[in-house]
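First residue of the sequence shown: 97, per the numbering used here; consecutive thereafter. Ideal Cβ positions, reconstructed from N, Cα and C, are used throughout, including at glycine.
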Amino acid sequence: MKIVIFDMDGTLLDSKTDITISINYIRELHHNLPPLSEEFVVEAINMQERNLPKLFYGTELYQDSDREVFEVHYATQCIQNPYLYEGMLETLHQLTSKGVKISVATNAPTKFAVRMLTHLGVADMFDMIIGADRVKISKPDPQMLNMILNHYGYEKEKHQAWMVGDSSKDMMGAKNAGIESLFATWGFSPQGKHDTLIHAPKEILPIVL
């Protein structure tokens with residue numbers, strides 16, 4: 097058995113426009129702050145050590161009002177502008193047609209991941225879609241990946257598994273779970289420590305198949 101676990105934002109799809117719109121909505125509504133750029137938001141999200149409430153809203157901790165309004169706003173906003181990266185749909189079809197098991201492990205809430213992937217017409221291709229709310233600790237902790245591997249009955253001696261992601265959290269998550277990592281250079285993050293560097297979704301195919 098071969099298993100490929102995908103990160104979502106910055107790996108399967110580009111969601112930075114909608115994330116930024118929702119953050120800027122809260123900034124203006126609750127804090128009277130000017131809008132942030134997409135580049136700043138993406139860089140902040142993928143920092144190893146960061147205080148996102150401080151960076152986004154000027155508060156030391158997330159305020160309940162900010163969190164609640166963001167969830168409501170993003171639930172609608174998240175399907176306005178996302179798109180699959182070029183070549184991703186074909187790659188997913190190629191993998192599944194060859195019997196490769198594919199799932200999603202994202203630090204986003206599961207409900208947003210399912211909504212976005214359903215909107216893009218690919219949710220049913222994945223055996224599992226696991227968000228941060230499904231585990232006690234999200235990536236780089238391996239809980240999320242282990243949940244998926246256990247679902248498949250993964251045994252390291254018999255099977256092969258890869259994590260495809262665009263952040264150091266994905267790469268460390270793979271290492272902590274004891275599987276191979278493929279770093280997607282088309283995503284949101286600077287290059288992280290990885291097993292293999294890939295520059296387009298189609299480059300997954302010769303590695304896995």
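With DSSP as the reference, label residue i as helix, strand or coil.
| i | result |
| --- | --- |
| Q239 | helix |
| S111 | coil |
| A296 | coil |
| L305 | coil |
| V231 | coil |
| A171 | helix |
| Y179 | strand |
| D103 | coil |
| A204 | coil |
Does residue i pass the burial test, meaning 16 or more other C-beta atoms within 10 Å, or should it be called exposed?
| i | result |
| --- | --- |
| P238 | buried |
| I233 | exposed |
| S193 | exposed |
| T292 | exposed |
| L305 | exposed |
| Y332 | The displayed coordinates of the chain run from 97 to 305. Any statement about residue 332 would go beyond what the structure contains. |
| P297 | buried |
| K112 | buried |
| D220 | exposed |
| D160 | exposed |
| L157 | exposed |
Where does the unbroken alpha helix (DSSP H) through residue i begin, and where does it stop?
| i | result |
| --- | --- |
| A219 | Counting along the chain, A219 falls outside any alpha helix (DSSP H), and DSSP gives it neither H nor E. |
| V196 | It is not in any alpha helix (DSSP H) - V196 carries neither H nor E in the DSSP assignment. |
| H257 | The identity of residue 257 in the sequence shown is Ala, whereas the question assumes His. Run containing A257: none in the alpha helix (DSSP H); it sits in the beta strand (DSSP E), Q256 to G261. |
| K252 | Note, K252: premise wrong, no alpha helix (DSSP H); not H, not E. |
| F152 | L148 to Y153 |
| E134 | E134 to I141 |
Candidates the options: which alpha carbon is nearest residue i's?
| i | options | result |
| --- | --- | --- |
| H290 | P297, F284 and G269 | G269 |
| E145 | S264, L301 and T206 | S264 |
| N272 | S111, G283 and K235 | K235 |
| F166 | N120, A201 and I300 | N120 |
| M104 | A280, P286, S133 and G274 | A280 |
| L151 | L109, L132, L278 and G217 | L132 |
| D110 | G183, A257, I244 and M224 | G183 |
| M243 | D229, K254 and E253 | D229 |
| G217 | N203, W282, G195 and H189 | H189 |
| V210 | K98, V100, I99 and L108 | L108 |
| H126 | T116, N177, Y153 and A201 | Y153 |
Could you pull the start and end residues of the beta strand (DSSP E) that residue i belongs to?
| i | result |
| --- | --- |
| A280 | E276 to A280 |
| K265 | From DSSP, K265 is part of no beta strand (DSSP E) but of the alpha helix (DSSP H) over S264 to A273. |
Using a Cβ cut-off of 9 angstroms (strictly closer), state whether residue i contacts chain B.
| i | result |
| --- | --- |
| M243 | Looking for chain B here will not work: only one protein chain is present. |
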